[in-house]
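Heads up: the structure comes next, in structure tokens.
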Amino acid sequence: MTATTFDALERLAGTMGSTKPSKRMLVIVNPYATTVSDRLKHLVVYALQGRYQVDSVETEARGHATELCREAAQEGYDVVCAFGGDGTVNEAANGLTGSGTPLTCLPGGSTNVFARILGIPNDVVDATEHMLRLADDWRPRPIDLGIVNERRFLFTAGIGLDASVTRRVDARPRLKARFGPWFYASAAVGAFTKDYVVRPPKLVAEIGGETIDGVTAMVQNTMPYTYFARRPIELAEGVELDDGTLAGVVLKRASLLDMPTVTFRALSASARIVKHRRVSGFSGVEELTIRSRDERELPLQVDGDYLGFVPEATFGVDHHGLQIVA
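Quick note, the sequence shown lines up with residues 1 to 326 if you use the working numbering.
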């Protein structure tokens, strides 16, 4: 964070003292997120106190945000704000599902996909100012959550190559923080050449009585799938945050001949990846199962958070399972 960012937050905090806060907000901070520092956290909390009664707490381990959100719902907070990357937001959503307590978020990671999907600015100063305005235009709304093996996800879950990439990225957090999307691209090349050029893992997706064989699958609760810098990566089609369905794509083969054209379509603003001959798309489904075809367990990720290897993944929808404010 630059000195300009800190100065802007200090000025913003100084302009927000005229209205008495009425809503209680718990800010859950991931201190290990890419852009979060102690000074930034304190300035953001100080600014938010102009419109909210703010308590803040830092996460201490994997899954801690989920526990904190369950406690916040029981204690009657009006809103929980997850300040971190998409992994922190995902954990918070899993803690608030079904509670009626709304979730919002501030960008603190390298990509912040869900914040962008909600229209929250990716700059922390602009996002904090946006959050302050929400207090005077309070309109919580329900959204769907995807479910995979009982774990909720906000925008995407992947099994196969993209989860292998996430595994590599999560193992090198400093490089992730420093190089962002370029490190993801490097990790994608490494995962592909190591695990998918020769004897790749095989999977089968079972969707409404149909089976699709492939090597990787992405399931989405909304669009886009992710971002490369400022560019949205569009994979699945025909799915929204509140339509009660899932959509996705299955990559049927990952060869040295296919991947350049698959990558081009994924990054293109106009070419559709579902029209690629090695890709099968699906939409409008409420449940599906993806399992290993050759007894090798498959890597699984949700919202960019690597979960480990599984022999099978069962997907569903938690319709209107979460309230959000954005």
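Even glycine gets a Cβ: it sits at the ideal position worked out from N, Cα and C.
Considering only the alpha carbon of each residue, which of the options lies closest to residue i?
i: P260; options: V189, S270, T222 and D195; result: V189
i: C105; options: R174, G85, T111 and D242; result: G85
i: P142; options: I28, D294, D38 and G244; result: G244
i: V54; options: Y225, I273, I28 and V113; result: I28
i: A157; options: V57, V44, M223 and G180; result: M223
i: L241; options: T216, V169, G87 and Y225; result: Y225
i: A115; options: F83, R178, V219 and V44; result: F83
i: G308; options: D38, F228, R230 and R151; result: R151
i: N90; options: R277, H319 and D305; result: D305
i: Y32; options: L154, R62 and Y46; result: R62
i: G50; options: S22, S280, A72 and V113; result: S22
i: E286; options: V317, D294 and G321; result: V317
i: R231; options: Y196, N122 and G281; result: N122
i: C81; options: R24, I117 and L40; result: R24
i: G208; options: I233, P311 and S283; result: S283
i: V124; options: K252, A8, E67 and H276; result: A8
i: A47; options: A65, D126, R178 and I212; result: D126
i: T97; options: A65, V113 and S110; result: A65
i: Y329; options: D303, F228, F179 and V165; result: There is no way to answer for residue 329, as the model of the chain reaches only from 1 to 326.
i: F315; options: N149, R178 and P140; result: N149
i: T194; options: L12, F179 and R168; result: According to the sequence shown, residue 194 is Lys rather than Thr. That would be R168, whose Cα lies nearest to the Cα of K194.
i: L161; options: V262, G180, R178 and P173; result: V262
i: R277; options: L288, K252, R293 and R174; result: K252
Go ahead and label residue i buried or exposed: buried means 16 or more other beta carbons lie within 10 angstroms of its beta carbon, across all protein chains shown.
i: E210; result: exposed
i: G214; result: buried
i: T4; result: exposed
i: E60; result: exposed
i: H42; result: exposed
i: F264; result: exposed
i: P201; result: buried
i: V45; result: buried
i: L257; result: exposed
i: E295; result: exposed
i: V176; result: Per the sequence shown, residue 176 should be read as Lys rather than Val. When all chains shown are included, K176 counts as buried.
i: R199; result: exposed
i: V36; result: buried
i: A171; result: exposed
i: G119; result: exposed
i: D136; result: exposed
i: T88; result: buried
i: D38; result: exposed
i: T111; result: buried
i: A229; result: exposed
My assumption, with CB atoms under 8 angstroms, is that residue i sits in contact with residue j. Please give the rounded CB distance.
i: A247; j: A236; result: 4 angstroms
i: G108; j: N30; result: 6 angstroms
i: A205; j: I290; result: 5 angstroms
i: N221; j: V250; result: At roughly 17 angstroms, the Cβ-Cβ gap does not stay under 8 angstroms, so N221 and V250 are not in contact.
i: I159; j: A326; result: Contact doesn't hold; Cβ gap of about 28 angstroms is too wide.
i: A72; j: L145; result: Wrong, their Cβ atoms sit about 18 angstroms apart, outside the cutoff.
i: L203; j: A191; result: Not a contact, Cβ separation roughly 15 angstroms.
i: S280; j: I212; result: 5 angstroms
i: I117; j: F153; result: Rounded, the Cβ-Cβ distance is 12 angstroms, inconsistent with contact.
i: V113; j: Y227; result: 6 angstroms
i: Q323; j: P140; result: 5 angstroms
Following a CB-centred definition, is residue i positioned closer than 7 angstroms to any heavy atom of the ligand SAM?
i: G244; result: Summarising the ligand content, the structure contains no ligands, and the ligand SAM is consequently not present.
Okay, do the segment 85-101 and the segment 128-135 touch, 3+ Cβ pairs below 8 angstroms being the bar? no
Would you say the segment 289-304 touches the segment 66-79, given that touching needs at least three Cβ pairs under 8 angstroms? Counting Cβ pairs under 8 angstroms, fewer than three are found: no touch.
Starting from the N-terminal side, write out each stretch of the alpha helix (DSSP H) that is 4 residues or longer and does not extend beyond the segment 76-118. As far as the segment 76-118 is concerned, its whole alpha helix (DSSP H) runs of at least 4 residues are 86-96 and 113-117.
Is the segment 177-184 touching the segment 262-270 in the sense that three or more CB pairs, one from each, lie closer than 8 angstroms? By the criterion of at least three beta-carbon pairs nearer than 8 angstroms, the segment 262-270 is not in contact with the segment 177-184.
Which runs of the beta strand (DSSP E), 3 residues or longer, sit entirely within the segment 120-192? 141-148, 151-153 and 156-159
Which ranges would you report for the beta strand (DSSP E) in the segment 20-45 if only whole runs of at least 3 residues count? Within the segment 20-45, the runs of beta strand (DSSP E) at least 3 residues long that lie entirely inside it are, in chain order, 23-29.
Inside the segment 243-300 only - beta strand (DSSP E) runs reaching at least 3 residues: Listed in chain order, the complete beta strand (DSSP E) runs (minimum 3 residues) inside the segment 243-300 are 246-251, 279-285 and 288-292.
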